[in-house]
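In the working numbering, the protein residues as written are 4 to 479. Worksheet: the structure to be examined is printed underneath.
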Amino acid sequence: MAVALVWFRDDLRLDDHPALRAALERGWLPVPVYIHAPDEEGAWAPGAASDAWRRRSLAALAAALEARGSRLLVLHGHSLPMLQATAALTGAEAVLWTRRYEPAVEQRDAKIKRTLRAAGLHAESFNGSLLFEPWEVATRQGDPYRVFTPFWRTARGQWRTPKTWDAPARLPSPDEAGTPHGAALDDLLPAPRPAWDAGFWQRFTPGEAGAREALAGFTARVLDGYAATRDMAASPGTSRLSPHLHFGEVSVQRVAAAVLDAGDGIAADDRDRFLAELGWREFAHHVLHHHPHVPDRNLDARFEDFRWARPTPARLEAWRHGRTGVPIVDAGMRELWHTGWMHNRVRMVVASWLTKHLRLHWEHGARWFWDTLVDADLANNTQGWQWSAGTGADAAPYFRVFNPVSQARRFDPDGAYIARWVPELAALPLPARWAPWEHPDLLRRHAPGYPRTPQVGLAEGRQAALDAFAALRRAR
Numbered sequence: 004m005a006v007a008l009v010w011f012r013d014d015l016r017l018d019d020h021p022a023l024r025a026a027l028e029r030g031w032l033p034v035p036v037y038i039h040a041p042d043e044e045g046a047w048a049p050g051a052a053s054d055a056w057r058r059r060s061l062a063a064l065a066a067a068l069e070a071r072g073s074r075l076l077v078l079h080g081h082s083l084p085m086l087q088a089t090a091a092l093t094g095a096e097a098v099l100w101t102r103r104y105e106p107a108v109e110q111r112d113a114k115i116k117r118t119l120r121a122a123g124l125h126a127e128s129f130n131g132s133l134l135f136e137p138w139e140v141a142t143r144q145g146d147p148y149r150v151f152t153p154f155w156r157t158a159r160g161q162w163r164t165p166k167t168w169d170a171p172a173r174l175p176s177p178d179e180a181g182t183p184h185g186a187a188l189d190d191l192l193p194a195p196r197p198a199w200d201a202g203f204w205q206r207f208t209p210g211e212a213g214a215r216e217a218l219a220g221f222t223a224r225v226l227d228g229y230a231a232t233r234d235m236a237a238s239p240g241t242s243r244l245s246p247h248l249h250f251g252e253v254s255v256q257r258v259a260a261a262v263l264d265a266g267d268g269i270a271a272d273d274r275d276r277f278l279a280e281l282g283w284r285e286f287a288h289h290v291l292h293h294h295p296h297v298p299d300r301n302l303d304a305r306f307e308d309f310r311w312a313r314p315t316p317a318r319l320e321a322w323r324h325g326r327t328g329v330p331i332v333d334a335g336m337r338e339l340w341h342t343g344w345m346h347n348r349v350r351m352v353v354a355s356w357l358t359k360h361l362r363l364h365w366e367h368g369a370r371w372f373w374d375t376l377v378d379a380d381l382a383n384n385t386q387g388w389q390w391s392a393g394t395g396a397d398a399a400p401y402f403r404v405f406n407p408v409s410q411a412r413r414f415d416p417d418g419a420y421i422a423r424w425v426p427e428l429a430a431l432p433l434p435a436r437w438a439p440w441e442h443p444d445l446l447r448r449h450a451p452g453y454p455r456t457p458q459v460g461l462a463e464g465r466q467a468a469l470d471a472f473a474a475l476r477r478a479r
């Protein structure tokens, strides 16, 4: 039986897996391979939280393969020679994988494909991560989009009901191909010591089974009313599927199909709002593919000359660890530290505080999120930060500065989110819980250890941001 290597990367599932499906349908014996090569991802190698998730997800994938009679070959080293050596040992005539779109990885994969083909191997990649390839949606002039609404309108016009594929109950054993035994997963991705990731697993279950459970729970309990509750910080009103999608534990096609197939009682607005969130994910990959410099530079080149403030270690540390003196910001940063995730509305608030009120370059925030988020995705992380900073595609204008107190009143109206993550403020009544510096006696009495004042006055920080933006405009 002819052999094909199925190279797993950020597609850690068996269900709806195009490379695995191609191997089986073409009569190849699939040899599942994972190569640990973080240094090949350039300046954006996976962060600590991502590694903690990947370790568990790979263990789940290995167990799923073994339950079907197969096994995962885990390797460590440079991807190309590892693939070449494994193909030679197993007699493989093909190498199949799911495409990725990060600039450094795209370049690496293109070289690998050329080299393998030149050596006579069948090398093929598939779309298993997006509804639309980044090059499939374009303006009438053939240019990439820089604004979401027309991008998504065009994409929806090209929409086809997603077709999904169920993984088989059994797979052929790679031992038939003489597949060697690779490295131990624990040697490549050891468990964190101390177990700083313990809080992650109270909220998430990495792996394909956890992803499918999360999807089923979302469509059954959260999708109905999603449009109204998705921005409420204390409400379980979001899907929390982002890490599962990032690691490919469930395909976006499967997610879209589940939303479209949900019960008849689901309002069209709820479905459309969630599908639009998938659309933002598509748009982020579209922008990254066409503008590969954006992880490190502003898409809006005007901001290359913007007068960012000089960061101080103390100011950055206070933001990172939820000690800014602004409760909604501190709640978000503490949620991130404890769970590896943060509510999307709060992500915008904490990003606005860093880039507008503190006027610090968005890359400081992007780098911290990259290391601490379990859903750290280069396209989405970059777009989210540049959107908040006002420097990217379809960004909020720089002069639009979120007022964190107004945001807390609107999206944490009973203060439950703040009380959950900044428990020293839980005894404060509203509105002191939103703006404790305005109630110094209550703050002194109930939370003596909490900062007396914000890092910068809200009006002062906003005005400094507007002044810096005005100076940039005058200079041009």
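For every residue, glycine included, the Cβ atom is placed at its ideal position computed from N, Cα and C.
- According to DSSP, alanine 419 shares a beta bridge with no other residue.
- Taking proline 147 as reference, the option from Ala396, Trp437, Tyr420, Ala478 with the minimal CA-CA separation is Ala396.
- In the structure shown, the three-state DSSP call for threonine 101 is strand.
- With contacts defined as CB atoms closer than 9 Å, glycine 251 and serine 132 qualify as a contacting pair.
- The Cβ neighbour count for lysine 114, taken over all protein chains shown within 10 Å, is under 16; the residue is labelled exposed.
- Around leucine 15, the same chain offers Ser60, Leu64, Phe250, Gly251, Glu252 as residues with beta carbons nearer than 6 Å, after the five sequence neighbours per side are excluded.
- About 17 Å separates the Cβ atoms of serine 73 and proline 21, ruling out a contact at the 8 Å cut-off.
- Ranked by how close their Cα comes to the Cα of histidine 184, the residues Val225, Trp283, His247, Leu78 have Leu78 in first place.
- When the Cα atoms are used, alanine 430 and phenylalanine 306 turn out to be separated by approximately 43 Å.
- Within the model, the alpha-carbon separation for leucine 75 versus valine 108 is close to 22 Å.
- Judged by DSSP in its simplified three-state form, serine 53 adopts helix.
- The Cβ atoms of aspartate 415 and alanine 354 lie no closer than 9 Å to each other.
- When DSSP states are grouped into helix, strand and coil, phenylalanine 221 belongs to the helix group.
- Straight-line measurement puts the Cα of leucine 244 at about 22 Å from the Cα of glutamine 389.
- Put simply, the segment 324–333 does not touch the segment 364–375. Fewer than three CB pairs are less than 8 Å apart.
- For tyrosine 37, the enclosing beta strand (DSSP E) begins and ends at 32–39.
- The beta carbon of phenylalanine 309 is closer than 6 Å to those of Leu475 in its chain, skipping five residues each way along the sequence.
- It is roughly 16 Å from the alpha-carbon of arginine 215 to the alpha-carbon of tryptophan 204.
- For leucine 281, same chain residues with a beta-carbon under 8 Å away, outside a window of 5 residues either side, are Leu134, Val255, Val258, Ala259 in chain order.
- Between glutamine 458 and leucine 339, the C-beta spacing is not below 9 Å.
- Taking C-beta atoms under 8 Å as the contact rule, leucine 23 and valine 9 qualify, at a distance of about 5 Å.
- For serine 409, the uninterrupted alpha helix (DSSP H) run begins and ends at 407–414, by DSSP.
- Distance check between proline 153 and each of Val297, Ala121, Val140 places Val140 closest, using alpha-carbon atoms only.
- A straight-line Cα-Cα distance of about 19 Å links alanine 66 and glutamate 179.
- Counting C-beta pairs closer than 8 Å gives fewer than three between the segment 35–49 and the segment 158–169, which falls short of the contact rule.
- DSSP lists no beta-bridge partner residue for histidine 324.
- Under the DSSP definition of a beta bridge, serine 128 partners with Trp100.
- If you look at alanine 22, you'll find it in the alpha helix (DSSP H) that goes 21–28.
- In summary, arginine 12 is buried, with 16 or more beta-carbon neighbours lying within 10 Å of its beta-carbon over all protein chains present.
- Of Arg149, Ala170, Ser53, Gly145, the smallest CA-CA separation from histidine 288 is found for Arg149.
- Remark: three or more beta-carbon pairs, one from each stretch, lie closer than 8 Å, so the segment 117–128 and the segment 85–99 are flagged as touching.
- Classified as buried, glycine 464 has 16 or more neighbouring CB atoms from the shown chains inside 10 Å of its CB.
- As a beta-bridge residue in DSSP terms, alanine 7 pairs with Pro33, Ala97.
- In its chain, beyond the 5 residues on either side, Pro147 have a beta carbon closer than 6 Å to the beta carbon of histidine 293.
- Under the three-state reduction of DSSP, histidine 247 is assigned to helix.
- The segment 410–427 and the segment 230–241 touch, with no fewer than 3 CB-CB distances between them shorter than 8 Å.
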